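Each residue of the sequence shown is one higher than the one before, starting from 2 at the first, in my numbering. Every residue gets a Cβ at the ideal spot worked out from N, C-alpha and C, and that includes glycine. This one's a predicted model, so the numbers in the text were calculated from it and none came from an experiment. The block underneath contains the structure these notes are about, expressed in structure tokens.
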Amino acid sequence: MNIESYDYIEYLPSRACNTKYNLYLLYSTRPNYLSKNYSVKIDVFNQVTLTYRASWIFSIQFAFLSVYRLPVLLKMPVSIMQSIGKHCWPSCIHGQCLSYINNQNLTYCHCESGWSGVQCHIKHTCDCALGSLCISNSICLCPTGRFGHRCHLTQLSCQSQPCLNDGQCILEDIRYRHPNHNRSMCICRQGYAGNRCEYRQNQTEIDFSFDDLETIPSFLLIHLILVEENAQPKRTSLMKKIQFDESSTKILTSVIFHMAFAQILNNYYLIIVRENAIIFEQISAKLIPPYRCQSILELFDDIFSNQHLLKRIKYYHIACQ
2 MNIESYDYIE YLPSRACNTK YNLYLLYSTR PNYLSKNYSV KIDVFNQVTL
52 TYRASWIFSI QFAFLSVYRL PVLLKMPVSI MQSIGKHCWP SCIHGQCLSY
102 INNQNLTYCH CESGWSGVQC HIKHTCDCAL GSLCISNSIC LCPTGRFGHR
152 CHLTQLSCQS QPCLNDGQCI LEDIRYRHPN HNRSMCICRQ GYAGNRCEYR
202 QNQTEIDFSF DDLETIPSFL LIHLILVEEN AQPKRTSLMK KIQFDESSTK
252 ILTSVIFHMA FAQILNNYYL IIVRENAIIF EQISAKLIPP YRCQSILELF
302 DDIFSNQHLL KRIKYYHIAC Q
């Protein structure tokens, strides 16, 4: 598999969530070979840890056209892609067999650093800077603070350590930087805000314990609901990743709410419900069976469950009897 051309985007969700990017990838030869099948492959890495996250692949449908526009919307998976074993053919030699996010039936070999090819069988000398990641013999993935074709150049904006309270300084992609934004910015840890993480936020802290669960989840969804008069309830959802060796975790939020639920897969647990809105408080929550909210599929038969919402709502009190 030959790489015709490539480009990259440095993306930070907190600042560029709704940003649209336009990239131009050129064929290495003109005219291109009509007998070949061309596709665009998108790989995502965490730039701080250089951890691989996921890949998408999109076929070029009309290779005879001089220009082919490919609009895509990518949704990042919650968990890191896991190897699917020995399902790749031909098999992976120095890599993992994975499937694409947008096509689970299509597999590929994700190669270890220093290896390339369909089977990850081609070894090449990596001349990327120390601490960088070799994607192929022509592509280097630079860590935070470095740039250049081989990642040998150092960014100076973060060397003065402008971030306070253990905030992390990162550099924004200058090609897509907003004119009013600084070249460097701070990622603040929970509980702090501001351009330099100089402000401490008044937040509600919710502590979770998993002692009574058979298996500890890999992530937790928390739904915060604010009830207002003459308006639809407002729901804010937060996600918290759980390390494999953690038996408890906590979240900090500045969201005002009346009710809070924790979601693990399709199971919901009531955390707290208050008549007065919760603005700033410390809450302890145990995810135990008595706090699990049963689904109507468990409480009623299929005939009732499949009725229209307006019909079902008249019988809400029956479930509470």
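Tyr316 sits in a helix when the DSSP states are folded into three classes. For Phe220, the three-state secondary structure derived from DSSP is strand. Straight-line measurement puts the Cα of Ile284 at about 11 Å from the Cα of Gln204. The three-state reading of DSSP puts Glu282 in coil, since its state is none of H, G, I, E or B.
In the same chain as Val228, and ignoring 5 residues on each side of it, the C-beta atoms closer than 6 Å to its own belong to Pro234, His259, in chain order. Around the beta-carbon of Met240, fewer than 16 other beta-carbon atoms lie within 10 Å, marking it exposed. Tyr193 is classed as buried because its beta carbon has at least 16 other beta carbons within 10 Å across all chains shown.
Closest in C-alpha terms to Leu13, from the list Lys124, Pro78, Asp174, comes Asp174. Boundaries of the beta strand (DSSP E) around Ile252: 249-254. The beta-carbon separation of Ser137 and Ser117, rounded to 5 Å, stays under the 8 Å limit for a contact. Membership of Ile297 in the alpha helix (DSSP H) is indicated by the continuous run 297-300.
With contacts defined as CB atoms closer than 9 Å, Asp303 and Thr250 fail to qualify as a contacting pair. Under the three-state reduction of DSSP, Asp208 is assigned to strand. In this structure, the alpha-carbon of Thr237 lies about 20 Å from that of Lys287. Scanning its chain for C-beta atoms nearer than 7 Å, with the 5 sequence neighbours on each side dropped, one finds around Ile188 the residues Gly168, Gln169, Ile171, in chain order. When the Cα atoms are used, Pro72 and Leu134 turn out to be separated by approximately 28 Å.
Distance from the CA of Asn23 to the CA of Leu107, rounded to the nearest whole angstrom, comes to 26 Å.
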